[in-house]
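Q:
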Amino acid sequence: DQQVKQNSPSLSVQEGRISILNCDYTNSMFDYFLWYKKYPAEGPTFLISISSIKDKNEDGRFTVFLNKSAKHLSLHIVPSQPGDSAVYFCAASESIQGAQKLVFGQGTRLTINP
Amino acid sequence: NAGVMQNPRHLVRRRGQEARLRCSPMKGHSHVYWYRQLPEEGLKFMVYLQKENIIDESGMPKERFSAEFPKEGPSILRIQQVVRGDSAAYFCASSPITDTQYFGPGTRLTVL
């Protein structure tokens, strides 16, 4: 049962353009969402998060949008840079008793072309 | 402030041996999480620990796997009698109280 889904295994974007990565979830109890970036042979690096009480959070070139009714979130990167080429994971959690067990999507491999 | 430390980075074991993976959380972080990533898949939650307590082990296989986070020292994920299907990348994350999790570089376990 895949509660968090990233339906695009890969995405190719030209340098300078906008990258949009999508994520869908099924568990309506999820109330906190995160995006992580991962390079090969390294651990995931935290990028940006959003609480379910918000619909948008912005940090520099990165913006996350949350549509609770559609159970959908997206990560926008603008402008895209070559160093953004990595695998991006969407994650969600349900805060019970302070625990924050993360449920991850399968990842989307983003390639930024010069 | 050093990040989450994991060692070893690479571990090779033969079937039937034991694997011990260590994780030192970031300074000031009292919550530790272990995740496993199989090839071409996302990370899967295994266990959540605080000092000397297992809070949630719902993702841990019922047999051969155990985890601890002692009062002193790193958190340990222990896999007894390893099988080929245990080959994966094991990531540890730490956080302050109910905050963003920060991940270590992972331990890549290969079972021959």
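Protein sequence lines, in the order shown, are assigned to chains F and C. In my numbering, each number is its position in the first sequence, counted from 1, plus 24. With the first letter of the second sequence counted as 1, position 9 gets the number -5 in my numbering; the numbers rise by one all the way through. Idealized CB from N, CA, C, for every residue including glycine. Model, not experiment: these values are computed from the prediction.
#1: By the 10 Å Cβ neighbour count, where 16 or more other Cβ atoms means buried, how is F/I72 classified, buried or exposed?
#2: Please classify C/P11: is it buried, with 16 or more other beta-carbons within 10 angstroms of its beta-carbon, or exposed?
#3: In chain F, which residues lie less than 9 Å from C/P91 when you measure between Cβ atoms?
#4: In whole angstroms, what is the alpha-carbon distance linking F/L126 and C/K57?
#5: In the structure shown, what three-state DSSP assignment does C/R70 receive?
#6: When you compare the CB of F/V127 with every CB in chain C, is at least one pair closer than 8 Å?
#7: Do you know how far the Cα of F/K92 is from the Cα of C/T93?
#8: Counting only Cβ pairs nearer than 7 Å, list the residues of chain F close to C/Y88.
#9: Can you pull the DSSP bridge partners for F/K62?
#10: Using C-beta distances below 7 Å, list every residue in its chain close to C/G14, excluding the 5 sequence neighbours before and after it, in chain order.
#11: Check the DSSP bridge columns for C/R64 and list the partner residues they point to.
#12: Cβ of C/E27 versus every heavy atom of the ligand SAH: is any distance shorter than 7 Å?
#13: At the level of alpha carbons, what is the spacing between C/F77 and C/Q87?
A: For this structure:
#1: One-based indexing of the first sequence puts residue 72 of chain F at position 48. Note on F/I72: 16 or more other CB atoms within 10 angstroms of its CB, so buried under the neighbour-count rule.
#2: As a position in the second sequence, residue 11 of chain C is number 25, starting the count at 1. Buried is the call here.
#3: Here residue 91 of chain C refers to the residue found at position 105 when the second sequence is read from its first residue. Near C/P91 (Cβ distances below 9 Å), the residues of chain F are A65, E66, G67.
#4: Your numbering for residue 126 of chain F matches position 102 in the first sequence. Your numbering for residue 57 of chain C matches position 71 in the second sequence. If I take the Cα positions, the gap works out to 24 Å.
#5: Translated into positions along the second sequence, residue 70 of chain C becomes position 84. Here C/R70 sits in helix by DSSP.
#6: Position 103 of the first sequence, counting from 1, holds the residue named residue 127 of chain F. Chain C, which has a Cβ nearer than 8 Å to the Cβ of F/V127, makes this yes.
#7: Numbered from 1 along the second sequence, position 107 holds the residue referred to as residue 93 of chain C. Numbered from 1 along the first sequence, position 68 holds the residue referred to as residue 92 of chain F. For C/T93 and F/K92, the distance between alpha carbons rounds to 35 Å.
#8: The residue labelled residue 88 of chain C in the question sits at position 102 within the second sequence. What C/Y88 touches in chain F: F70.
#9: Position 38 of the first sequence, counted from the first residue, corresponds to residue 62 of chain F. In DSSP, F/K62 forms a bridge with F/V111.
#10: Position 28 of the second sequence, counted from the start, is the residue given in the question as residue 14 of chain C. Cβ neighbours of C/G14 beyond the five flanking positions: P82.
#11: By one-based count along the second sequence, residue 64 of chain C stands at place 78. Its beta-bridge partners are C/R6, C/S52.
#12: In terms of ligand content, the structure shown is empty, and the ligand SAH therefore cannot be addressed.
#13: As a working note, residue 77 of chain C is residue 91 in the second sequence. As a working note, residue 87 of chain C is residue 101 in the second sequence. Going from the Cα of C/F77 to the Cα of C/Q87 covers about 11 Å.
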